[in-house]
Amino acid sequence: MAKMNEIRDDEFRVIGQGHSPQPKQPQEQTRRGKQVALVSFAIVLLLGLAIWYFWPKEKTPPDNDGIFDPVPTKLVIKPAPKPLGKTVDSLQTAFVEKLDTTINDVVLSIYIPHNTQAPVLTVGAPDKETRKAIMAFQAADIRADNREILGSFILKGRILAQGKSKDGFCAIINGKVTVGVEENSSMFEEAAERNGYFFRQYSLVKNGVLEESEIKNKTMRKALCDRGGQIFVAVSETDESMHDFAQALVDLGVDNAIYLVGSHSAFGWYRDEIGEQTYFCVDVHRKSYRNENYIVWF
5 MAKMNEIRDD
15 EFRVIGQGHS
25 PQPKQPQEQT
35 RRGKQVALVS
45 FAIVLLLGLA
55 IWYFWPKEKT
65 PPDNDGIFDP
75 VPTKLVIKPA
85 PKPLGKTVDS
95 LQTAFVEKLD
105 TTINDVVLSI
115 YIPHNTQAPV
125 LTVGAPDKET
135 RKAIMAFQAA
145 DIRADNREIL
155 GSFILKGRIL
165 AQGKSKDGFC
175 AIINGKVTVG
185 VEENSSMFEE
195 AAERNGYFFR
205 QYSLVKNGVL
215 EESEIKNKTM
225 RKALCDRGGQ
235 IFVAVSETDE
245 SMHDFAQALV
255 DLGVDNAIYL
265 VGSHSAFGWY
275 RDEIGEQTYF
285 CVDVHRKSYR
295 NENYIVWF
């Protein structure tokens, strides 16, 4: 052909660069690879964040200067209170120390036996020999209808009465005195099996907390107390309600306390350090019941 734009009727022209177009497959593979890389990076990032979030971390100690005090992590054990009364020579003869104090306007006399054996229970009007004991207080109440002992009572292993009308108790087993408050106590059976002693009375203090009573009248009150393992008898020198008397014992630091026969006619006695015997209610005309019972220290 003489000229490029001149063609014959039996010829045709191909328009283009004169070569085949580049394939698009490599570009698609590159784009797909980038997408996979992005997804993989996102998965790794999420896994890293999850591991960081759930991994156990060391707790930061509380700031003691804040408005809240730090919570103690150790159990605080309350130390035993200092025993009441004087320090006594163990070789000294047995006697009773009398302390007088006033707590919340309640005048108390506290009778502390020293150098004694564990107390015992006795039944019947005290005779001359029994009065040689250094201290004795009436223990369990007597029923008004049949003159029997009210509540459970064990005398040297013998069950003389059974009843749970009062949840306070005193058990004396193998020379150990336990004053407590419990409706069902295994010490009842233990006292019966081991020739021990047991009686029930009204509860006044349980584990350092006042025990409320339905008795509302006022009279002379008496209690058998356990204060840090020290056993003694507390007597109100003024007429008091059960509530005020029990509250005074709580403020004295008593752990457990039960009532003893009170009023101004409950007979008893104690012997002091010089051997002088003092009687309670000795001038009161009283009837001696066959089941009148006492807790006695020798």
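Start counting at 1 in the sequence shown, then tack on 4, and there's your number in my numbering. Even for Gly, the Cβ is constructed at its ideal location relative to N, Cα and C. These numbers come from a predicted model, not from an experiment.
So with Cβ pairs under 8 Å, would you call residue i a contact of chain B?
{"i": "Ala195", "result": "Looking at the structure shown, chain B is missing, and only one protein chain is on hand."}
Compute the Euclidean distance between the alpha carbons of residue i and residue j, then round it to the nearest angstrom.
{"i": "Ser169", "j": "Leu95", "result": "42 Å"}
{"i": "Glu187", "j": "Lys180", "result": "20 Å"}
{"i": "Ser228", "j": "Phe236", "result": "Note that residue 228 is Leu in the sequence shown here, rather than Ser. Distance between the alpha carbons of Leu228 and Phe236 is about 6 Å."}
{"i": "Tyr263", "j": "Tyr206", "result": "5 Å"}
{"i": "Glu197", "j": "Asp109", "result": "44 Å"}
{"i": "Val124", "j": "Ser269", "result": "22 Å"}
{"i": "Val111", "j": "Asp255", "result": "13 Å"}
{"i": "Asn295", "j": "Gly128", "result": "5 Å"}
{"i": "Asn211", "j": "Ala252", "result": "15 Å"}
{"i": "Ala144", "j": "Ala165", "result": "11 Å"}
{"i": "Thr91", "j": "Ala148", "result": "43 Å"}
{"i": "Asn184", "j": "Ile219", "result": "A small correction: the amino acid at residue 184 is Gly; Asn does not occupy that position in the sequence shown. For Gly184 and Ile219, the distance between alpha carbons rounds to 20 Å."}
{"i": "Arg275", "j": "Ala122", "result": "16 Å"}
{"i": "Asn199", "j": "Gly172", "result": "20 Å"}
{"i": "Phe157", "j": "Ala238", "result": "22 Å"}
{"i": "Met224", "j": "Gly266", "result": "6 Å"}
{"i": "Pro87", "j": "Gln142", "result": "25 Å"}
{"i": "Ile176", "j": "Thr182", "result": "6 Å"}
{"i": "Met191", "j": "Tyr57", "result": "56 Å"}
{"i": "Ile55", "j": "Asp230", "result": "58 Å"}
{"i": "Phe302", "j": "Glu241", "result": "25 Å"}
{"i": "Glu193", "j": "Asn178", "result": "14 Å"}
{"i": "Ile107", "j": "Thr97", "result": "31 Å"}
{"i": "Val48", "j": "Pro83", "result": "58 Å"}
{"i": "Asn221", "j": "Met246", "result": "8 Å"}
{"i": "Leu208", "j": "Glu215", "result": "5 Å"}
{"i": "Ile153", "j": "Ile138", "result": "24 Å"}
{"i": "Asp248", "j": "Asn119", "result": "31 Å"}
{"i": "Asp104", "j": "Phe202", "result": "29 Å"}
{"i": "Gly232", "j": "Leu53", "result": "58 Å"}
{"i": "Ile146", "j": "Gly89", "result": "33 Å"}
How is residue i classed by DSSP in three states: helix, strand or coil?
{"i": "Ala195", "result": "helix"}
{"i": "Phe16", "result": "Reliability fails at Phe16, whose pLDDT of 48 lies under 50, so the model's placement of it is uncertain and the value that follows must be treated cautiously. Note: Phe16 maps to coil in three-state DSSP."}
{"i": "Gly184", "result": "strand"}
{"i": "Gln39", "result": "helix"}
{"i": "Val100", "result": "strand"}
{"i": "Tyr293", "result": "coil"}
{"i": "Phe302", "result": "coil"}
For the alpha helix (DSSP H) that contains residue i, what are its first and last residues?
{"i": "Val4", "result": "Because the chain spans 5 through 302 in this model, residue 4 falls outside it and cannot be assessed."}
Just to confirm the assignment, what range does the beta strand (DSSP E) spanning residue i have?
{"i": "Leu208", "result": "207-210"}
With burial defined as no fewer than 16 other Cβ atoms inside 10 Å of the residue's Cβ, what is the status of residue i: buried or exposed?
{"i": "Ala140", "result": "buried"}
{"i": "Asn260", "result": "buried"}
{"i": "Gln281", "result": "exposed"}
{"i": "Arg1", "result": "What the structure shows of the chain is the stretch from 5 to 302, and residue 1 is not part of that stretch, so it cannot be assessed."}
{"i": "Tyr283", "result": "exposed"}
{"i": "Asn297", "result": "buried"}
{"i": "Phe45", "result": "exposed"}
{"i": "Asp93", "result": "exposed"}
{"i": "Leu51", "result": "exposed"}
{"i": "Arg162", "result": "exposed"}
{"i": "Val286", "result": "exposed"}
{"i": "Leu42", "result": "exposed"}
For the ligand HEM, is there a heavy atom less than 7 Å away from the beta-carbon of residue i?
{"i": "Ile153", "result": "The model depicted lacks the ligand HEM and carries no ligand whatsoever."}
What are the start and end residues of each continuous beta strand (DSSP E) run of 3 or more residues lying completely inside the stretch 108-181, in chain order?
-> 110-118, 124-127, 139-142, 157-159, 162-165, 172-177
Complete alpha helix (DSSP H) runs within the stretch 212-281 (minimum length 4 residues, chain order) | 246-256
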